[in-house]
Structure formats: structure tokens, C-alpha cells
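This report refers to the structure that appears directly beneath it.
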Amino acid sequence: MNHLWKEIRQNPILWLLALVPVTFAAQKVSPESHTLLFLLAVLTIIPLATLLSHATESVSAKTGDAVGGLLNATLGNLTELIIALAALRLGQFTLVKASVAGAIVANTLFLLGASFLLGGLKYHVQDYNRVNARLQTSLLFLATVAMIIPSAVASGGSEMAPDFMQKLSVGLSVVLIVAYGLGLVFSLKSHRELFGSIEEAVSDEAPWPLNVALVTLAGVTVFVALVSEIFVESVQEAAVTFGMTPAFVGFIVVALVGGAAEMASAFSGARKNRLDLSVGIGLGSAAQIALFVAPVLVLLSYVIGPAPMDLQFWPGAVIMVLIATMTAIIVTNGGRSTWFVGVLMLMVYLILAMTLYLLPPGGQ
Amino acid sequence: MNHLWKEIRQNPILWLLALVPVTFAAQKVSPESHTLLFLLAVLTIIPLATLLSHATESVSAKTGDAVGGLLNATLGNLTELIIALAALRLGQFTLVKASVAGAIVANTLFLLGASFLLGGLKYHVQDYNRVNARLQTSLLFLATVAMIIPSAVASGGSEMAPDFMQKLSVGLSVVLIVAYGLGLVFSLKSHRELFGSIEEAVSDEAPWPLNVALVTLAGVTVFVALVSEIFVESVQEAAVTFGMTPAFVGFIVVALVGGAAEMASAFSGARKNRLDLSVGIGLGSAAQIALFVAPVLVLLSYVIGPAPMDLQFWPGAVIMVLIATMTAIIVTNGGRSTWFVGVLMLMVYLILAMTLYLLPPGGQ
Amino acid sequence: MNHLWKEIRQNPILWLLALVPVTFAAQKVSPESHTLLFLLAVLTIIPLATLLSHATESVSAKTGDAVGGLLNATLGNLTELIIALAALRLGQFTLVKASVAGAIVANTLFLLGASFLLGGLKYHVQDYNRVNARLQTSLLFLATVAMIIPSAVASGGSEMAPDFMQKLSVGLSVVLIVAYGLGLVFSLKSHRELFGSIEEAVSDEAPWPLNVALVTLAGVTVFVALVSEIFVESVQEAAVTFGMTPAFVGFIVVALVGGAAEMASAFSGARKNRLDLSVGIGLGSAAQIALFVAPVLVLLSYVIGPAPMDLQFWPGAVIMVLIATMTAIIVTNGGRSTWFVGVLMLMVYLILAMTLYLLPPGGQ
Chain V
47 MNHLWKEIRQ
57 NPILWLLALV
67 PVTFAAQKVS
77 PESHTLLFLL
87 AVLTIIPLAT
97 LLSHATESVS
107 AKTGDAVGGL
117 LNATLGNLTE
127 LIIALAALRL
137 GQFTLVKASV
147 AGAIVANTLF
157 LLGASFLLGG
167 LKYHVQDYNR
177 VNARLQTSLL
187 FLATVAMIIP
197 SAVASGGSEM
207 APDFMQKLSV
217 GLSVVLIVAY
227 GLGLVFSLKS
237 HRELFGSIEE
247 AVSDEAPWPL
257 NVALVTLAGV
267 TVFVALVSEI
277 FVESVQEAAV
287 TFGMTPAFVG
297 FIVVALVGGA
307 AEMASAFSGA
317 RKNRLDLSVG
327 IGLGSAAQIA
337 LFVAPVLVLL
347 SYVIGPAPMD
357 LQFWPGAVIM
367 VLIATMTAII
377 VTNGGRSTWF
387 VGVLMLMVYL
397 ILAMTLYLLP
407 PGGQ
Chain A
47 MNHLWKEIRQ
57 NPILWLLALV
67 PVTFAAQKVS
77 PESHTLLFLL
87 AVLTIIPLAT
97 LLSHATESVS
107 AKTGDAVGGL
117 LNATLGNLTE
127 LIIALAALRL
137 GQFTLVKASV
147 AGAIVANTLF
157 LLGASFLLGG
167 LKYHVQDYNR
177 VNARLQTSLL
187 FLATVAMIIP
197 SAVASGGSEM
207 APDFMQKLSV
217 GLSVVLIVAY
227 GLGLVFSLKS
237 HRELFGSIEE
247 AVSDEAPWPL
257 NVALVTLAGV
267 TVFVALVSEI
277 FVESVQEAAV
287 TFGMTPAFVG
297 FIVVALVGGA
307 AEMASAFSGA
317 RKNRLDLSVG
327 IGLGSAAQIA
337 LFVAPVLVLL
347 SYVIGPAPMD
357 LQFWPGAVIM
367 VLIATMTAII
377 VTNGGRSTWF
387 VGVLMLMVYL
397 ILAMTLYLLP
407 PGGQ
Chain G
47 MNHLWKEIRQ
57 NPILWLLALV
67 PVTFAAQKVS
77 PESHTLLFLL
87 AVLTIIPLAT
97 LLSHATESVS
107 AKTGDAVGGL
117 LNATLGNLTE
127 LIIALAALRL
137 GQFTLVKASV
147 AGAIVANTLF
157 LLGASFLLGG
167 LKYHVQDYNR
177 VNARLQTSLL
187 FLATVAMIIP
197 SAVASGGSEM
207 APDFMQKLSV
217 GLSVVLIVAY
227 GLGLVFSLKS
237 HRELFGSIEE
247 AVSDEAPWPL
257 NVALVTLAGV
267 TVFVALVSEI
277 FVESVQEAAV
287 TFGMTPAFVG
297 FIVVALVGGA
307 AEMASAFSGA
317 RKNRLDLSVG
327 IGLGSAAQIA
337 LFVAPVLVLL
347 SYVIGPAPMD
357 LQFWPGAVIM
367 VLIATMTAII
377 VTNGGRSTWF
387 VGVLMLMVYL
397 ILAMTLYLLP
407 PGGQ
């Protein structure tokens, strides 16, 4: 643990780790101070995310950017899975679906757009492996089809038998999970040689030893999950204090704070000209949520939920996911990035966020 | 006919040809045994499709894969045209439209996806001429626009004057036929040099002489048409026995069995690393149905139908065709295929098929 | 002005310039003769457009095709801005929006499609700089998202608070203008080396001196604006005489005549194998209208309008703009053009135009 300790002493941001016990204490003492808990949680997540980012980079230095990105995406989504499971157990399906759709859109547009922008401000033109980008955007497209088709085919949507939607959701969930699994076989096994990084990273600092990195990864992930739960519990009430609509909170704020750890890694990758790491985290995480987390939640709802959850989303959410997917397909087609590509993606995200921010409470 | 005879003796599948007279006899003797006729028709179509596939390959060995694919697509669609004409004469417009849309989707997603998968299981990476793929998907996109725009522009769709839809359908039909004709001029004449095959096929067996192949093609096509008619007549009633919904039968079962001949050729091409043949058959057939068969049916309905047919499709069908077209555009953009590309396309098809299978009868 | 005079003597089309004073006189004397004024205006716009085209080419011979295209697009849209401002002052928001959407579609599909066709009839294959095409189509995609999202997210559109739509429209307008400005910084400054022309033009005629060209540009633009206003005033009434629907006039006729000057330049560029000029004019003009002219009109409506205008378009218009954008994205992806690509784009435009032409008056 010497490496970890040295890192903490050198990096002032990590001193915020001292807030971790404070946050847990505050929750015990005063569980109703939502605004305080909200601010503490946000401040605590930042150093944890930084630590997670550093550990991931150390691991991916050994495994390559594709595996490193997958690892990072999986750990990042573990948090979201934990949060969603809590909501699922309480039967809050709308919250679960909003956080799933919001995370897909945030990872695709915000995380990737900001990575392109941050990288582009430092490097004139950046190239990345477009094979991986294509695989992930194709998977996202498949998930989008699975979101669109139930409501589209059943044109008279309102009188649909709920039985139909339940059976269909289970079937679609199995299809998506199988597709995701085959995608892993394809990218990590049968055609792994296509998924190498474009730019060989030259690490400027010595990475941690593998065991330190892995233990840090596991431990910090647990803390992130615990703090995230405090965050989710306090955010809705705190949002009212700040004058935000529930749609904006569920779709934008939760997704951005919940994805802080992944963003820290992705942005750091982009600034080091390792855009393959950023693409792997952003699109990989979005695809994983769409093709693995969401379907697993549907299937688990039969075991742990008060009632089964289906895969039918609010039409506005479907359109936002569709727009995010189409943007990613159009933008990553060439495997080349500049700052303006990042601006474009962020602008699309800004349009979605602005619309949700202004949406009157009943409009959703 | 010596070649043909030799082929039949060597290939056990072709021994099923003995069922052809049995099927015709059964229809004469017991036209109400729908389930028996259904099974006989399916078993009879298999050897006929195999024969058709072999004849097509012999012809395309002389003409090149692009022309061979077009020839195969045209003969395959001849069957569908014959069936659709019968339905048109009876005024069964819903059946005609379902079979048209179902054939477009099946050729684009199932035939091509299965070709990519079968080819990819044998070859690590396969390249094909993306110029032809782009031409066909662009034509499909044009046809999709023609399907979308009437109902989209007329936002108050239900109160639309039927007169408007009739005139528009005739106009759109002429536009599509002209575009298809110009596409043939482009690919077969003015820019034919762009449409050559990527991989030069090395035939492992001596092809039939051209006249044997052509006579076989013509003769077998007639038999396929006759058996297909028995199949279509029996399928709806047999489907009830097997517990399938009418939407599933019209869209999926009819399209898959009706396209068996083309599929046999396309799959065989993919296994021989002649993916240009598969792409030419799959996308070429879909484009031909969308831009030639469907418009011709609209125009012919003024001559032979009890009433004129329009080009307005059930919204679910329009969305399925749109999804199939977008999938083809995204997937064939690079001109390169692996097994996973095939899996993705088949998964999209599976999602559509599953939705239709579960759709309650009134939901369409 | 010697160059200008010499040009006029040599080119018989320019003799129609004699009609300019006739048109203004006719408007003074008989402002109610709509059909006469309509015909005079169309005949007058042709030589003015020719002159504008020649002046633009002289300027772009000095500045390069990218800047030349931008200059041409801006001057062409100046006309449309002037006309729209007049309509805005009168509170005719439907006319303003129809002309904005119509101009986007006409520039994307008709101007570019006809350029590809005209160029392709002379040259077998033409290449152009696809970086510029991608930038412009990405900007168009962003604008399309801004058009789609308000009505999409607010699924219960009709009961939407008008207050929400007003605030959102102002926010979206600012986002679009900022994106357009950053796009100019990107293409003209930070990454200008990516936007050079593919084919170096070999001018067959000596260009005018820069000062003559610029003075001609400015002067002719003013005349075009004045004549356009006469055209717009007379077109609706004249259209009834010719049996056209208002939707067709607002969307198609106004856009085609209003864009005559840009078309003359774009077609001339295509015939001289300077397709980068055509792409720059067509897509550049469409992007400018969508991301600059339309948002500026929204913001100006707070200053000069009788009431604020929002960015919400008739659903049919949104779909047409979406189709135009998707067509441009699909078609310009490869940076290569043939006559058939032009045919395809024109066919899509023809389908839209035909639908609007046949649409019963109440159907919009």
C-alpha cells in the first residue's frame, strides 16, 4: 500500500478523501439534511474517482487499452447496478429506467464529447481504433432497436396487453445479453488483433504494481457505491432546493455524478493521447448498460422486485437514446477526432439537457 | 440434361425432388389438409432451391458475381411477384403489403446476416465490393423515404382524402421504377467497372454449360412458383395449428420460405468466400422488391385488381423496413465482414420476429 | 466596370438585365397583376443570378473554393434573410418557417443533387473534400436534433406551456449560433488545412479583378433582394392561377427561385469539376440557414416582431429536414460522386415535392 500512500501525499485532490468518514457520519447523524449530504457526497466522489482512474490506468498499462477500458466501464457500471438494484427492490421502475437511459446518453455524448474536446485542445488531430468504436455503436444500435420496436410495432400502444410487454421484455433481455456476450467473445478472443490501440501510450509515470492496482480498484469501487447511494437518496430533495426539475435530475445530474469515476479516467486518457481508452470507456460503458445492466435488471425484477419490470421506456427517453446512438455512429465513423467533434457532441448533449431543464414538471 | 441427372444422383438432398409430384397430387386429392400440404410444400421447396442455387452459380461463373446476383434476385422475386399477383387479383392488399415488407426485411437482415455468419465461421475476415452494397442500400433508403413520407407529411393521417393517397402512390411508383432502371444502367453499363468482385472465385467444381443452367433456372423457377402457391394457401391455416399469429406468418414465415432459393445461393456463395454474390442477392433482391415489384403491383392493381392498391403501409411495417435499411447502411459501410456482423444482423431480425410472434392478434 | 460591360455584351442571357427596370416599373404601376409580376420577377432573377455566379467565381479564384463557397452561401442567404425579416415584421411565422425549412431541403437535395448530376454527366467520377461535407452535414444534424427534440421530449405536445417553448427556443438558438461560429473557427482558422480543394481548378477564362467582383457582388445582391421581394409578394396569388397548393409554393417554388443565384454558381462549379465549390455552396448554405439564419430570426423576433417566434416546426417539415440531412450524410460519406448519386438525391427531392404538390390544402 506504499504506492497508494505516496500518491495521496503528492496529489492535493486526494486529500478530499478525508471527507469519506465525514459523509458517512453525517448520514448517520442527520439523514434528513439532504442538501448537506448532497454536497458532501459530490465532494467525496471526486477523490474516489481520481483514485479509481489512476488504478485503472495502472491495470490497463499491463492489459492494453481495450481490456483496460472494458474493466473501467464494468467497475463504473457496478456502481450504477448497485444503485439500480436498490431502486428495483423498492419498485421505483421509473427511476431505474431514467438512470439507465441517462447513463447511456451521458456516456455516449458527454463523456466521449468532452474527451474529444479535451484531447483536441492539446493535440491537433487524434486517431483512434475505429473497429472498437464501430462494434460498440453497433451494439448500441441493436439496443436502441430493442427499445424502439415494442412501442412501434404495437401502434395502438395504450391498449396493449401488459402480458405481451412482459413476455417481450424477457425475450429482448435474453437477446441483448447474448449479443453482449458474443461481442466480448469477438473483441477479446476471436478477433482481438483488430482491437489494438492506434497510438502506443508512453506512460509518463511508473504504474502501480498489478496487485496494488487491483486491490485499490476493488476497495474504491465499494466506497463509490456507498457514497453514490447517499447521493441518490439526497439528490431529489436537494434538487428542489436548487430549482431543478425531476426529469433533469434523473436523466442528467445522477448520470453525470454517477459516472464521475469513468469520466476522470476517460479525460485523463484523452489528455495523454490515449483516445482508445476514452472510446472504450465511453461507448463500452454505454453498450454495457444498454445490453447487460438493463436486461439483467429486467430479469432480476422477477426475483427481487415487488413486480416484474419491463423494457418499455418513456418515448422521450427512447428518442434521446436514438439521437445519442446516431450521433456516435456518425461521429466515430472515421476514427479521427478534433476539438470540434467534441464540441458537436457536447452541443447535442446540451440541447437534451436544456430541454429537460426547462420541461415543466407535468410535461414528462 | 446429363449434367442435371448426374448432379441429382450425387446429392441426396435432391432426392427430395421425388416429393414434387406427391405435393401436387396431395393438393388435388385433399385441398383441405392444410398442415400436410404446408409440410409437403416446405420439404419440396428445399431441393428445388438447391437446384436453383446450383444453376445460378453456373451462370454467374460466366457472367460475374454482380450479374449473377441480379439474375438470382430477379428469378427469386419472380416467385414472389407471381404469388403477389394472385393475392392482388383477390384484393387481399394487406397480404400483398405484408409479404412485400417481409421480403425486404428478410433479404436485408436474415439472408445477409446469415451469409455473413456462415462465411465468417469459415473465413476470419471477408471483404466485398462496397460500391454495390452502397448502391443497393441507397436505393433501399429511397424506397423507405417513399414509404415514410406520405403518412409523415399528412400528419392528420386518418382524415386524408383517399384520392390524395391514390395519386401519390402512382407518382411514387413511377419515381421508384425509374430510379431502379437508372440504377441498372449505372451498375451494368455506365460504371460497370466499379462493380467487379473483390475476391476472384476459384470454382471447386466444373460449372454446368450455360444452356443447361439457363433451362434449369427457367424450369425450376416455374416449379418453385407452383409449390409456393400451395405453401401460401396452406400456411395461414397451418400456422394456427402451430400457434403462430397472422402477423408472424405474413411477415416472417412466408418471407423465409419464399426466399429459400435465394438463401441457398447466398449461403453457398458465402461459404465459398464469394460474399459479393451474397450481397448482390440479399440487398439486390430487397431493392428490387422495394423499387420494382411493389411499384409494379401498385400500377397493375389498376388493370387486374378489384380496386386500386396504394403504397401506404402499416406503421409497424414502415419502421421495420426503416430499421432494416439503417442496419444495412451501418453494417455494409466498410465493405468488410466477420461472423459477429452476421450475428448482429440476425439479432435485429430476431427482435423483429419475436415481437411479431408475441403480438396479440388484434395488436397489428 | 469595363469587365462587367464586356461580359454583358458577350453573354445573351445577361441582356435580360434590361427587364430589371421593367419589373420595378410594373410593380409601381400595377401592383395587383400578380401573375405578370411573378413571371417578370422569375425572368429578372435569372440574369442577376448569372452575374452573381460569375462574380463569386472571380472572388473564389483568389480565396479558394472553401471561402468562395462560404461567401456565396452567405450572400445567397442574405436575400433570404431580407425576405424573412419582412415576413417576421408582419408576424407571418408560418411563412418564415416554411421558407427556412424549404431552403434547407432545396440546398441539400436539389442544389447538391443537380450539381452531382450535371458534373457526373461530364466527368466519369468526381472527388471532393469530404472533410468539409462531413462538417456541414454534422452541423445540419445538430440543427435537426434541435428541431426534433422539443416536440419529441414533450410527448403530450399540444398541452405544452407556450412559455416552455419560448424559453427553449431562445436557448436552442444561442446553442446553434455558437456551434455555427465555432464551426467557422474550426474550418477557417484552427484546421483550415483540412479544408483545401481536391481538384485544383484550371480557370478557362480570366477572372475579374477583385474590386470589380466585390462591387458586383454587393450591388447585384441588393437587386436580387429587391426582385425577390416582388417575387414573394406575387407568388402566392400567381400559384393559385397555376393550380399549386400553398404548401408546395412555400416549400418548393420560393426555395428554388430564391436560391437561383446559388444554384447558378454551384452548377457552374460542378461543370468545371470544382465540386468542392458546389458542396460548399449547397451544404454550407443549408447549414448556415439552419444554424444561423433561423436562430437569428428567433432572437430578432423579440425586437422587431409583433410577438416572439419559436423554433417549433410543423412535423412534416421536421421530417423533411431529417430526411434531407440523412440523405446528405449517407451520400457524401465517401467524398466521391457520379451521375447516379445526383439522380438519387433529386429523386428524394422529387418525392417530397410531389407529396406537397398533391397534398390537399387542409392536409398540412
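Sequences listed follow chains V, A and G, in order. Residue 47 is where the first sequence starts when you use the numbering used here, and the numbers rise one by one after that. Residue 47 is where the second sequence starts when you use the numbering used here, and the numbers rise one by one after that. Residue 47 is where the third sequence starts when you use the numbering used here, and the numbers rise one by one after that. Where is the CB? At the ideal position from N, CA and C, for every residue including glycine.
Could you check whether the Cβ of residue i sits closer than 8 Å to any Cβ belonging to chain G?
i: A/G217; result: yes
i: V/T401; result: yes
i: A/F338; result: no
Could you name the residues of chain G that residue i contacts, counting a contact when the two beta carbons are closer than 7 Å?
i: V/M429; result: Chain V is shown from 47 up to 410; residue 429 of chain V falls before or after that span and cannot be answered.
In the structure shown, what three-state DSSP assignment does residue i receive?
i: G/A399; result: helix
i: A/R176; result: helix
i: V/S347; result: helix
i: A/R317; result: helix
i: G/S219; result: helix
i: G/L405; result: coil
i: V/S99; result: helix
i: G/S79; result: coil
i: G/S243; result: coil
By alpha-carbon positions, which one of the options ends up nearest to residue i?
i: A/H237; options: G/V387, G/L50, G/V66 and G/A72; result: G/V387
i: G/S243; options: G/F84, G/G315 and G/I298; result: G/G315
i: G/L396; options: A/A71, A/L222, A/G326 and A/M355; result: A/L222
i: A/L157; options: A/G304, A/R55, A/R180 and A/I365; result: A/G304
i: A/I195; options: A/L218, A/L181 and A/T183; result: A/L218
i: V/R317; options: V/A336, V/Y169 and V/G326; result: V/Y169
i: G/L228; options: G/V216, G/I369, G/F294 and G/L181; result: G/L181
i: A/A310; options: A/G328, A/F297, A/G296 and A/P58; result: A/G328
i: A/L337; options: A/L136, A/S79, A/A189 and A/L323; result: A/A189
i: V/S82; options: V/I376, V/F294, V/T287 and V/L141; result: According to the sequence provided, residue 82 of chain V is Leu. The question's Ser does not apply to it. When only C-alpha atoms are compared, the closest one is V/T287.
i: V/L94; options: V/V105, V/S79, V/P77 and V/I59; result: V/I59
Beta-carbon of residue i versus every beta-carbon of chain V: anything under 8 Å?
i: A/I397; result: yes
i: G/I375; result: yes
i: G/L228; result: yes
i: A/V389; result: yes
i: A/G148; result: no
i: G/V364; result: no
i: G/V199; result: yes
i: G/F241; result: no
i: G/S184; result: yes
Would you mind giving the Cβ-Cβ distance between residue i and residue j, rounded to the nearest angstrom? I have them listed as a contact below 8 Å.
i: A/T373; j: A/L164; result: Not a contact, Cβ separation roughly 18 Å.
i: A/A152; j: A/A301; result: 4 Å
i: G/G115; j: G/L323; result: 5 Å
Run down chain G in chain order and give the residues with a C-beta less than 8 Å from the C-beta of residue i.
i: A/L214; result: M400, T401 and L404
i: A/H170; result: Per Cβ cutoff of 8 Å: no residues; A/H170 is ~26 Å from chain G at best.
i: A/F210; result: L404, L405, P406 and G409
Report the neighbours of residue i on chain V: residues whose CB is nearer than 7 Å to its CB, in chain order.
i: G/P196; result: T401
i: G/H49; result: Chain V residues near G/H49: none, gap ~39 Å exceeds 7 Å.
i: G/H237; result: T384
Using a Cβ-Cβ distance cut-off of 8 Å, determine whether residue i contacts chain A.
i: G/T384; result: yes
i: G/V286; result: no
Who are the neighbours of residue i on chain V, taking C-beta pairs under 8 Å?
i: A/I369; result: V191, I194 and I195
Output, in chain order, the set of chain A residues within a Cβ distance shorter than 9 Å of residue i.
i: V/V113; result: Simply none; closest approach about 18 Å.
i: V/F232; result: T384, W385, F386 and V389
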